[in-house]
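**Q** Numbering (the working numbering), first residue to last: 379 to 623. Positions of the beta carbon are idealized from the N, C-alpha and C atoms, including for glycine. The structure's right below; bear with me while I get my questions together.
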């Protein structure tokens, strides 16, 4: 049975702690591998690792299949090296095996939910590799990025206004819809926007030197399109529309 051994430091705790772990260089100890990113936990889907070595695009069917396979197998042995991990004293056997399995399962769940979503995927990459490790999913960080985007140039200001108009129009279409078929055109247009953003990000991540400002600005746009996609999936007749913008 496929089995790995993984050393995980700062597994839980703050997102900053996790980023510090994953950003650290790869080390081995007694043939045990240090996990550097969520991409490393799913090597069949990401054989070349995270971008720029691998593609930003994800085969979601392959990702789901590997995730389910790993969840059904024996979990790796995990050496927990942080006191943060020992806060809950009631979830382990006498030898700690159950707690280690629980920690790996939780980490694998986080990896899957992060990587299947293109916005959280790029946010993970930014937090790992940007020199300052910002968490762009935090509202205050996103607001700062949007302010920079709006004031960077007249062109970027106009682009942001057009993006907001698209979001407002999507919100209106969602409110006016009486059946799922009313949203088919919106869904197709929005899927095309998501694909275009993913392609832009994929190209930006391969460019040297890497322009982090451009990557994060595109990530903010992607966030809007992903929010619209989720609102379309959640739509039900008579149900209030909640679309973040």
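If you scan the segment 473 to 541 from start to end, which runs of the alpha helix (DSSP H) of 4 or more residues do you find wholly inside it?
**A** Runs found: 475 to 493, 496 to 507 and 517 to 529.
**Q** Report back the beta-carbon spacing between residue 497 and residue 600 to the nearest angstrom; my notes put them in contact at under 8 Å.
**A** Confirmed, Cβ separation roughly 5 Å.
**Q** Using only the alpha-carbon positions, how far apart do residue 546 and residue 539 sit?
**A** Near 10 Å, if we compare the C-alpha coordinates of residue 539 and residue 546.
**Q** How many angstroms separate the CA atom of residue 484 from the CA atom of residue 577?
**A** So the alpha carbons of these two residues sit roughly 30 Å apart.
**Q** Taking a contact to mean a Cβ-Cβ separation below 8 Å, would you say residue 481 touches residue 438 in this structure?
**A** Not closer than 8 Å, so no.
**Q** Taking its Cβ as the centre, do 16 or more other Cβ atoms sit within 10 Å of residue 505, making it buried, or is it exposed?
**A** With 16 or more other Cβ atoms within 10 Å, it is buried.
**Q** How should residue 533 be labelled, buried or exposed, when 16 other C-beta atoms within 10 angstroms of its C-beta is the threshold for buried?
**A** Exposed.
**Q** I'd like the list of long-range same chain contacts for residue 610, defined as Cβ closer than 6 Å, with 5 residues on each side in sequence excluded.
**A** Once the five neighbours on either side are set aside, the close Cβ partners of residue 610 are 561 and 565.
**Q** Within this structure, are the beta carbons of residue 583 and residue 429 separated by less than 8 Å?
**A** Contact flag set, yes.
**Q** Please report the straight-line C-alpha distance between residue 512 and residue 500, rounded to a whole angstrom.
**A** Taking the straight line from one Cα to the other gives about 12 Å.
**Q** If distances are taken between C-alpha atoms only, which option among 598, 613 and 536 comes closest to residue 521?
**A** Out of 598, 613 and 536, 598 has the C-alpha closest to the C-alpha of residue 521.
**Q** Using a Cβ cut-off of 8 Å (strictly closer), state whether residue 515 contacts chain D.
**A** Any reference to chain D falls outside this structure, which holds one protein chain only.
**Q** Measuring only the C-alpha atoms, how far is residue 408 from residue 519?
**A** At residue 408 the pLDDT is 47, less than 50, meaning the model places this residue with poor confidence; the figure from the coordinates comes in the next sentence. Straight-line Cα distance between these residues: approximately 40 Å.
**Q** What alpha helix (DSSP H) runs, 4 residues minimum, are completely inside the segment 560 to 594?
**A** Counting only runs of 4 or more, we get 562 to 584.
**Q** Leaving out five residues before and five after residue 613 in sequence, what residues of the same chain have Cβ atoms less than 8 Å from its Cβ?
**A** Within the same chain, residue 613 has close Cβ partners 552, 555, 558, 561 and 619.
**Q** Does the Cβ-Cβ distance between residue 594 and residue 536 come in under 8 Å?
**A** No, these two residues do not count as a Cβ contact at 8 Å.
**Q** State yes or no: is the C-beta of residue 486 within less than 8 Å of the C-beta of residue 449?
**A** Their beta carbons are under 8 Å apart, which means residue 486 touches residue 449 by this criterion.
**Q** Using the Cα positions of residue 567 and residue 574, report the straight-line distance between them to the nearest angstrom.
**A** Roughly 11 Å between the two C-alpha positions.
**Q** Would a C-beta distance cut-off of 8 Å place residue 435 and residue 580 closer than the cut-off?
**A** Contact: yes.
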